[in-house]
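Undergrad:
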Amino acid sequence: MFPRTWTVLVVAACVAALATSCGKDPVSDSPGISDTTIKIGALVDLGGPFAASGKAAVVGTNQAIADINARGGVCGRQMELVVKDFGYDTQRGVVAYDEIHNDVLALANIMSSPLTAALRDKINRDQMLAFPTGANSNLLGDPHLVVLGSTIDVSALNALDNLISTGVVKPGDTVGTVFLEGDWENSAMQGATWYADKVGITLADHHIKATDQDLSSQVTDLRNRGVKAVLVGASGQQVATIAALFESTGTNIPLVGVGPAWNTTMLDTAAAPALEQNFTRVWNSLTISDDAPIAHKLLDTWNSQYPGTRPQSGTGITAGYAIPIVLEQILEHTCGDLSRAGVLAARSRVETADTEGIYPPLDFSVPAHPSSVQANIQSVDPAAPDGLSSGPFFQSDLVLDYISDMTANN
């Protein structure tokens, strides 16, 4: 189910914003704010299983900040990024948050669903605006969190719908799922289970940890259950392992990544032929290999910083870019009050946002709903800059029924 909209907290934020503007200096009392700068933070993985996405996100975020600053900044101030690497270790991430939360106005990235869950009480206490990149449906409706694009449950639903609409899977078939345990898995299974029940397919579900390397038991069970396809929400290395295990048994199974689930180093593994033949990814944003102008621009940015090196995560770069662009649109509504309460109040007034095509047009008008219900299908293309080619955005004919059901059951 979707969470309830936090109406009381939104009202409280607005009241707090009014009080702040009447009784205090909204600049001097605001963390991360000076007369000339606005500091924003990012908690990313630069040395763990999702380091490729973390490095890419920092490149994209820094480029967005450079673009914002080049056109004069926001609210008469230049943006600065404060990056903390937590190595995809939740406890390290909590420590990193404690180190920077008094020095930044907002968090431009929390790159972990478990870390987001661990920090929610602190974020609420600190009245921090944050952008989690783990797009779990249970984050919706929280006025402190901005979730860009379709949530994981919607992506999983769209992924299954694409398998049905292309004839890969038919009613009565079994589809496997392998998701990272926790909120990610819970959200993905919510959408997948709803869709499976609607169209008459069976799910053979497995959950794994981010540190798991031996996935042979999961693959053996999926083969024994005769799955026609597998949805995978895991690290790129884990996806490559699953593909290689299926190939080693002579089994050609379509693998559909839901979420990051990719980096270009997968094309350097023994699983590359199987991935090229069987892997697609369904996610909520464009990859850097797309033909959109913003993708070309960000590819140029990457190439200028890392010449001769392929970006390992194209959507890491594009999503990283989109976050400051949306934050800029929020801050423009509250230049007279840059207190955290003022920023939260402004966030509640922003109903739409544009990300230069990285995401479909974003609609925040119903806080308990995803800001988009569209997905992008990406297939393996070894010649593409990040090894993936983007297709058009699409949505299942059933996705709005799903949103309606989840809202009604709340």
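Residue numbers for the sequence shown follow the working numbering, so the first one is 1 and each next one is one higher. Cβ coordinates follow ideal geometry from the N, Cα and C atoms, glycine included.
Only counting runs of 3 or more residues, tell me where the beta strand (DSSP E) segments fall wholly within the region 167 to 213, in order along the chain.
TA: Fully enclosed beta strand (DSSP E) runs of 3 or longer: 174 to 180, 202 to 208.
Undergrad: Look at the alpha carbon of Asp212 and the alpha carbon of Ala234, and state the distance between them as a whole number of angstroms.
TA: 10 Å
Undergrad: Who are the near neighbours of Ala272 in its chain, counting only those whose CB is closer than 6 Å to its CB and skipping five residues on each side?
TA: Excluding residues within five positions, none has a Cβ falling inside 6 Å.
Undergrad: Do you know offhand how far Gly141's Cα is from Ser248's?
TA: 45 Å
Undergrad: Threshold first: 3 residues or longer. Then list the beta strand (DSSP E) segments lying entirely within the region 232 to 268, N to C.
TA: 255 to 258
Undergrad: Pick out whichever of Asn278, Ala243, Pro260, Thr265 has its Cα sitting closest to the Cα of Ser285.
TA: Looking from the CA of Ser285, the closest CA among Asn278, Ala243, Pro260, Thr265 belongs to Pro260.
Undergrad: Between which two residues does the alpha helix (DSSP H) harbouring Thr280 extend?
TA: Unbroken run through Thr280 is the beta strand (DSSP E), 279 to 283; no alpha helix (DSSP H).
Undergrad: Which term fits Gly308, buried or exposed, when burial requires 16 or more other beta carbons within 10 angstroms of its beta carbon?
TA: exposed
Undergrad: Excluding five sequence neighbours on each side, which residues of the same chain lie with their C-beta closer than 7 Å to the C-beta of Ala210?
TA: Pro49, Tyr88, Leu180, Ser235
Undergrad: Are there three or more Cβ pairs, one per stretch, closer than 8 Å when the region 142 to 157 is compared with the region 199 to 208?
TA: Cβ pair count under 8 Å is below three, so no.
Undergrad: Assuming Thr90 and Ala118 form a contact by the criterion Cβ under 8 Å, report the distance between their Cβ atoms to the nearest whole angstrom.
TA: That belief holds up - the Cβ atoms of Thr90 and Ala118 are roughly 5 Å apart, short of 8 Å.
Undergrad: Please state whether DSSP places Pro311 in a helix, a strand or coil.
TA: coil
Undergrad: DSSP three-state call for Val82: helix, strand or coil?
TA: strand
Undergrad: Could you check whether Val326 and Ala353 sit closer than 8 Å to each other, using their CB atoms as the reference points?
TA: yes
Undergrad: Below 7 Å CB to CB, which residues in the same chain sit around Ser30 once its five sequence neighbours on both sides are set aside?
TA: Once the five neighbours on either side are set aside, the close Cβ partners of Ser30 are Leu105, Leu338, Ser339, Arg340.
Undergrad: Among Met128, Ala135, Ser34, Gln127, which one has its Cα closest to the Cα of Pro114?
TA: Ala135
Undergrad: Let me make sure I understand the geometry here. Which of Val58, Thr36, Leu107 has the alpha-carbon closest to that of Pro311?
TA: For Pro311, the closest alpha carbon among the candidates Val58, Thr36, Leu107 is that of Val58.
Undergrad: Could you name the residues of the same chain whose beta carbon sits closer than 6 Å to that of Phe393, not counting the 5 residues immediately before and after it, in chain order?
TA: Pro360, Gln374, Asn376
Undergrad: Quick one: any contact between the region 211 to 229 and the region 238 to 247, if contact means 3 or more CB pairs under 8 Å?
TA: Touching, yes, given that three or more Cβ pairs across the two stretches are closer than 8 Å.
Undergrad: Express the C-alpha separation of Thr280 and Val178 in angstroms, rounding to a whole number.
TA: 15 Å
Undergrad: By Cβ distance below 8 Å, which residues in the same chain neighbour Val15 in space, the five residues on each side in sequence not counted?
TA: Caution is warranted here: a pLDDT of 41 is assigned to Val15, below 50, making its placement in the model unreliable, and the coordinate value is therefore given only provisionally. Same-chain partners within the cutoff: there are none.
Undergrad: Within this structure, are the beta carbons of Val258 and Ala384 separated by less than 8 Å?
TA: no
Undergrad: Rounded to whole angstroms, what's the CA-CA distance from Arg349 to Leu255? Just pull it up for me.
TA: 40 Å
Undergrad: Let me know the beta strand (DSSP E) ranges lying completely inside the region 108 to 171, each 3 residues or longer, listed in chain order.
TA: 129 to 132
Undergrad: In the DSSP output, which residue or residues are listed as bridge partners for Gln378?
TA: Arg281, Ser390
Undergrad: Would you mind giving the Cβ-Cβ distance between Thr447 and Gln63, rounded to the nearest angstrom? I have them listed as a contact below 8 Å.
TA: Given that the chain is displayed from residue 1 to residue 410, the structure contains no residue 447 and the question cannot be resolved.
Undergrad: For Val95, report the span of its alpha helix (DSSP H) as first-last.
TA: Element bounds for Val95: 90 to 100.
Undergrad: For chain C, find out if any of its Cβ atoms is closer than 8 Å to the Cβ of Thr280; answer yes or no.
TA: The chain labelled as chain C is not found in the depicted structure, where only one protein chain is given.
Undergrad: Looking at C-beta atoms only, is the number of pairs between the region 119 to 130 and the region 91 to 98 that lie closer than 8 Å three or more?
TA: yes
Undergrad: Among residues of its own chain, excluding the 5 on either side of Ile208, which ones have a beta-carbon nearer than 8 Å to its beta-carbon?
TA: Excluding positions up to five away in sequence, the list reads Val178, Phe179, Leu180, Glu181, Leu215, Gln218, Ala234, Gln238.
Undergrad: State the start and end residues of the unbroken alpha helix (DSSP H) segment that holds Ala66.
TA: 51 to 70
Undergrad: Please determine, among Gly226, Leu43, Thr355, Gln127, the residue with the shortest C-alpha to C-alpha distance to Pro293.
TA: That would be Thr355, whose Cα lies nearest to the Cα of Pro293.
Undergrad: Output needed for Cys421: all residues of its chain with C-beta closer than 6 Å, excluding positions within five of it in sequence on either side, in chain order.
TA: This structure leaves residue 421 out entirely; the chain is present only between 1 and 410.
Undergrad: What residues match up with Asp363 in a beta bridge as DSSP calls it?
TA: Thr352
Undergrad: Are Val227 and Val175 touching if we call contact CB-CB under 8 Å?
TA: yes
Undergrad: I'd like to know whether the C-beta atoms of Ser53 and Gly387 end up nearer to each other than 8 Å.
TA: Against a cut-off of 8 Å, the Cβ pair of Gly387 and Ser53 comes out as no contact.
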